[in-house]
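**Student:** For the sequence shown, my numbering begins at 1121 and goes up steadily by one. Structure incoming, see below.
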Amino acid sequence: MTGPVHTFRWRTVDIVVAAVLAAAFGAIFQLWNIIWSGGGGPFAFYKPAEALIYGVWLVPAVLAGYIIRKPGAALFTETVAAAISLLLGSPWGGIVILQGAIEGAGAELAFAATRYRWYQRPTAALSGALGGFAATVFDAFVYYADTSWLTFRLPYIAFGTVSSLLIAGLGSVALSRGLARTGVLDRFPVGQERTAI
1121 MTGPVHTFRW RTVDIVVAAV LAAAFGAIFQ LWNIIWSGGG GPFAFYKPAE
1171 ALIYGVWLVP AVLAGYIIRK PGAALFTETV AAAISLLLGS PWGGIVILQG
1221 AIEGAGAELA FAATRYRWYQ RPTAALSGAL GGFAATVFDA FVYYADTSWL
1271 TFRLPYIAFG TVSSLLIAGL GSVALSRGLA RTGVLDRFPV GQERTAI
């Protein structure tokens, strides 16, 4: 929802929440690395369909952007989460930080397009979709460069974009609203809007 006019300057609480989300999702990414690596089994029939579970990678970007509502929140949180996952032993190596930045930048675009003033489901959904699109295009060139565009890369990008729209975009709205009901987000607009939820 549209909140009151506010400054775009980050408060200490914004930095703390972004850091906590990044740390939590950095650890979750390590679990997701195991699930993703084992995902070949369920998706053996059609490997690009593995991207149907892609959206989890984008949750910290959309969630932080939706909660903090300041420029750079999605980019910062996703990049730091990726860096933490690297410190925890990510199998993807140092390139994961670049990928996190690309994912965060993609997600950030939706919030920037509204000038950080319109926070409803469509904005979060677009944030997830743009982040997922950016991430899967990156994958297409970095990890799947030897595959066919028609039979692998384009379907992979489409599945990943839709997954990110649903899981990261709409899932982050549901998650933030659930957290708001507990009162832990009372210092943020999403917490102050909970009576309207």
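All C-beta atoms, glycine included, are put in the ideal place defined by N, C-alpha and C. None of these values were measured; they are calculated from a predicted model.
Is the number of C-beta pairs between the stretch 1163-1176 and the stretch 1194-1210 that are closer than 8 Å three or more?
**Tutor:** The stretch 1163-1176 vs the stretch 1194-1210: no contact.
**Student:** Classify threonine 1122 as helix, strand or coil using the three-state DSSP reduction.
**Tutor:** Note that threonine 1122 has pLDDT 47, beneath the 50 cutoff, so the model's placement of it is unreliable and the number below is only indicative. Looking at threonine 1122 - three-state DSSP - the assignment turns out to be coil, as it is neither helix nor strand.
**Student:** Let me know the secondary structure DSSP gives tryptophan 1152 once reduced to three states.
**Tutor:** Note: tryptophan 1152 maps to helix in three-state DSSP.
**Student:** Go through its chain and collect everything with a Cβ distance to alanine 1230's Cβ below 7 Å, but skip five positions before and after it.
**Tutor:** Hits under 7 Å: Thr1243, Leu1246, Ser1247 and Leu1250.
**Student:** Look at alanine 1288 and glycine 1175 and say whether their C-beta atoms are less than 7 Å apart.
**Tutor:** Yes; because the gap between Cβ atoms is below 7 Å, this pair is in contact.
**Student:** Please identify the residue among Ile1188, Ala1181 and Val1133 whose C-alpha is closest to the C-alpha of alanine 1202.
**Tutor:** If we check each option's Cα against that of alanine 1202, Ala1181 comes out closest.
**Student:** Since serine 1112 and glycine 1146 should fall inside the 8 Å C-beta cutoff, what is the C-beta to C-beta distance between them, to a whole number of angstroms?
**Tutor:** Limits of the chain in this structure are 1121 at one end and 1317 at the other, which puts residue 1112 out of reach.
**Student:** What are the start and end residues of each continuous beta strand (DSSP E) run of 3 or more residues lying completely inside the stretch 1173-1206, in chain order?
**Tutor:** As far as the stretch 1173-1206 is concerned, it has no whole beta strand (DSSP E) run of at least 3 residues.
**Student:** How many Å lie between glycine 1311 and tryptophan 1238 at the Cα?
**Tutor:** Roughly 15 Å between the two C-alpha positions.
**Student:** Over what stretch of residues does the alpha helix (DSSP H) that includes valine 1310 continue unbroken?
**Tutor:** Per DSSP, valine 1310 belongs to the alpha helix (DSSP H) from 1309-1312.
**Student:** Going by DSSP in three states, proline 1211 sits in which element: helix, strand or coil?
**Tutor:** Looking at proline 1211 - three-state DSSP - the assignment turns out to be coil, as it is neither helix nor strand.
**Student:** Apply the 10 Å Cβ neighbour rule to glutamine 1240 and answer buried if 16 or more other Cβ atoms are within range, or exposed otherwise.
**Tutor:** Glutamine 1240 should be labelled exposed.
**Student:** Output the distance between the C-alpha atoms of alanine 1142 and leucine 1274, rounded to the nearest integer angstrom.
**Tutor:** C-alpha separation (whole angstroms): 30 Å.
**Student:** So with Cβ pairs under 7 Å, would you call isoleucine 1148 a contact of chain B?
**Tutor:** Given the protein chain composition of this structure (a single chain), no chain B is represented.
**Student:** So, valine 1179 versus serine 1283, is the Cβ gap smaller than 7 Å?
**Tutor:** No, the pair does not count as a contact, with Cβ atoms beyond the cut-off.
**Student:** Three or more C-beta pairs under 8 Å: does that hold for the stretch 1222-1236 against the stretch 1187-1199?
**Tutor:** Yes, they touch.
**Student:** By Cβ distance below 7 Å, which residues in the same chain neighbour tryptophan 1269 in space, the five residues on each side in sequence not counted?
**Tutor:** Contacts found: none.
**Student:** What separation, rounded to the nearest whole angstrom, lies between the Cα atoms of leucine 1183 and valine 1262?
**Tutor:** The alpha-carbon atoms of leucine 1183 and valine 1262 are separated by roughly 26 Å.
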